[in-house]
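Inspection log for the structure reproduced underneath, given as structure tokens.
In our numbering, the protein residues as written are 78 to 132.
Pasting the structure below:
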């Protein structure tokens, strides 16, 4: 409900994800197990995912 989630990287470790970082490009949601591409940047609470695109 707050628009927050996480991405689990293939090499391990989770990244914070906020729905404003998603490039929706015609799809309406992300589900557990969806493949995505993303950039990483430092956030105040650790690394976060940006420019998230569903593959």
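Here a beta-carbon is modelled for each residue, glycine too, at the ideal position from N, C-alpha and C.
Element boundaries [beta strand (DSSP E), containing residue i]
| i | result |
| --- | --- |
| residue 114 | 113-120 |
| residue 84 | 81-85 |
| residue 102 | Where residue 102 is concerned, there is no enclosing beta strand (DSSP E), given that its DSSP letter is neither H nor E. |
| residue 128 | 123-131 |
| residue 107 | First-last for residue 107: undefined, no H or E at that position. |
Distance CB(residue i)-CB(residue j) smaller than 8 Å
| i | j | result |
| --- | --- | --- |
| residue 102 | residue 116 | no |
| residue 126 | residue 93 | yes |
Span separating the alpha-carbon of residue i from that of residue j
| i | j | result |
| --- | --- | --- |
| residue 131 | residue 110 | 11 Å |
| residue 108 | residue 119 | 24 Å |
| residue 84 | residue 99 | 12 Å |
| residue 91 | residue 123 | 10 Å |
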